[in-house]
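Start counting the sequence shown at 2; every next residue gets the next number (our numbering). The beta carbon of each residue, even a glycine, is placed where N, CA and C say it ideally should be. Remarks on the structure that follows.
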Amino acid sequence: MNLKKYRIAFIPVSIGIILAVFLYITVKWWGFLILFPWMGLAISVGIFLQLKLKGKNRLLGRKICLLMIMPALLIFVPIFNNENFQLEGVVLIVSAGFFSKGFIHYIIAKILGPLVWRRGFCGYACWTAAVLDWLPIGNNRNNINRSYRNIRFVTLIISVAIPLYMVFGLAYDPWENYINIAEMKWMFVGNGIYYLLAIPLAFILKDRRAFCKYLCPASLIMKPASYFSLIKTSPDKSVKCLECSVCNNYCPMGVDVMGYMRENKPVTDTECILCGDCSNVCPVGKIL
Ligand code: SF4
Ligand code: SF4
Ligand code: SF4
């Protein structure tokens, strides 16, 4: 095996171990020592498979990574730490002055992280997407006007306004019967609602990432920082684009990848989730 070729696959697991040790020392929760190395390992496995497999099979790497991370965030954290990582739950606890692991998750994955790895959380770690990306449906690029994606502003306002109104309007005190008591329950209820919306919507619109495009409030939180991301999907300027549209057809977020590649520009569309699917299917290796 050519180890040099696979060197990049070791980076995520290494970062996971470093982050775990740092957070364990600062926050003192043993779960970080399992969580971050496991997530790093999952991403490393995904990248390794993308490098190892051939043709369209390379798309499996990311899907397997999503499946590996899903139980860590959807089951391990809620059960062992009684946490709700859903946006609504995080707003509720932060407005009560509780800067817990849910808050840390938001900072790392969705607020500061996108400055480095764009919306890589959506591509490689989201527990909702872990189900959506395995649905037997393709990516619908046609039919739906892009302005419908603004519906997410409504869901974002609802997701933030309800917990804020509970705390500041109704004087609900999350310390009394929510924080460390009922958070786990609400993590499962909140996710249940997301799945109940996301899975039928995917079938109705024939687009497995329809929920991400039209309803997910968290997507909007990641978009501003992701515009300035250090890492972007970029063209190999030494390779000529065939203008075959294969990348566009496989992009789960409906980005006009071909347009960027034709002009030899990095993808600046903040819908890009840095999944690498376009790169994995490009017949000439134009996309880095
Ligand atoms: S847009 Fe929302 S549901 Fe889709 S992958 Fe990102 S966080 Fe998950
Ligand atoms: S542009 Fe490429 S990396 Fe970005 S979301 Fe589309 S397929 Fe994934
Ligand atoms: S798949 Fe590659 S060659 Fe085809 S349009 Fe996209 S960038 Fe160009």
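Given residue i as reference, the closest of the options once Cα atoms are compared
i: residue 18; options: 38, 11 and 29; result: 38
i: residue 108; options: 124, 80, 91 and 98; result: 91
i: residue 29; options: 141, 82 and 72; result: 82
i: residue 185; options: 62, 20, 16 and 85; result: 85
i: residue 211; options: 245, 182, 145 and 183; result: 145
i: residue 180; options: 7, 279 and 102; result: 102
i: residue 249; options: 121, 281 and 227; result: 281
i: residue 1; options: 6, 162, 215 and 287; result: Because the chain here runs from 2 to 289, residue 1 falls outside it and cannot be looked at.
i: residue 46; options: 201, 24, 15 and 20; result: 15
i: residue 231; options: 25, 50 and 115; result: 115
i: residue 196; options: 99, 132, 112 and 247; result: 132
i: residue 21; options: 50, 105 and 199; result: 105
i: residue 1; options: 200, 201, 289 and 199; result: It is not possible to answer for residue 1, since the shown part of the chain is limited to 2 through 289.
i: residue 202; options: 141, 23, 255 and 165; result: 141
i: residue 263; options: 26, 49, 243 and 218; result: 243
i: residue 9; options: 113, 26, 174 and 41; result: 41
i: residue 213; options: 163, 178, 156 and 265; result: 156
i: residue 113; options: 247, 254 and 227; result: 227
i: residue 122; options: 100, 229 and 219; result: 219
i: residue 247; options: 261, 255 and 283; result: 283
i: residue 139; options: 254, 26 and 189; result: 254
Whole-Å CB distance - residue i paired with residue j, under 8 angstroms assumed
i: residue 74; j: residue 128; result: 5 angstroms
i: residue 273; j: residue 147; result: With a Cβ gap of about 14 angstroms, residue 273 and residue 147 do not count as contacting.
i: residue 160; j: residue 88; result: 5 angstroms
i: residue 168; j: residue 110; result: Contact doesn't hold; Cβ gap of about 23 angstroms is too wide.
i: residue 64; j: residue 134; result: 5 angstroms
i: residue 13; j: residue 48; result: 7 angstroms
Cα-Cα separation, residue i to residue j
i: residue 55; j: residue 66; result: 17 angstroms
i: residue 267; j: residue 234; result: 6 angstroms
i: residue 208; j: residue 252; result: 11 angstroms
i: residue 69; j: residue 150; result: 29 angstroms
i: residue 277; j: residue 60; result: 8 angstroms
i: residue 245; j: residue 279; result: 12 angstroms
i: residue 182; j: residue 7; result: 44 angstroms
i: residue 222; j: residue 216; result: 13 angstroms
i: residue 76; j: residue 124; result: 19 angstroms
i: residue 257; j: residue 270; result: 9 angstroms
i: residue 240; j: residue 285; result: 7 angstroms
i: residue 176; j: residue 225; result: 32 angstroms
i: residue 275; j: residue 126; result: 12 angstroms
i: residue 78; j: residue 187; result: 13 angstroms
i: residue 191; j: residue 154; result: 18 angstroms
i: residue 259; j: residue 136; result: 25 angstroms
i: residue 23; j: residue 33; result: 9 angstroms
i: residue 158; j: residue 166; result: 11 angstroms
i: residue 198; j: residue 205; result: 11 angstroms
i: residue 171; j: residue 178; result: 15 angstroms
i: residue 163; j: residue 193; result: 18 angstroms
i: residue 43; j: residue 173; result: 39 angstroms
i: residue 25; j: residue 261; result: 42 angstroms
i: residue 95; j: residue 265; result: 43 angstroms
i: residue 229; j: residue 35; result: 31 angstroms
i: residue 57; j: residue 200; result: 24 angstroms
Residue i: first and last residue of the uninterrupted alpha helix (DSSP H) it sits in
i: residue 31; result: Element bounds for residue 31: n/a, residue is neither H nor E.
i: residue 163; result: 152–165
i: residue 282; result: 278–282
i: residue 241; result: Per DSSP, residue 241 belongs to no alpha helix (DSSP H) and is neither H nor E.
i: residue 71; result: 60–72
i: residue 203; result: 184–206
i: residue 132; result: 128–133
i: residue 261; result: 258–263
i: residue 292; result: For residue 292 there is no data in the structure shown, the boundaries of the chain being 2 and 289.
i: residue 227; result: 218–228
i: residue 76; result: Careful: residue 76 lies outside any alpha helix (DSSP H) and carries neither H nor E.
i: residue 10; result: Segment: none, residue 10 is in no alpha helix (DSSP H) and carries neither H nor E.
i: residue 211; result: 211–215
i: residue 96; result: 88–96
i: residue 175; result: 175–178
i: residue 125; result: 121–125
Per DSSP, cross-strand counterpart(s) of residue i
i: residue 288; result: 236
Any non-hydrogen atom of ligand 4 closer than 6 angstroms to residue i Cβ
i: residue 60; result: Ligand 4 is absent from the structure shown, which contains only ligand 1, ligand 2 and ligand 3.
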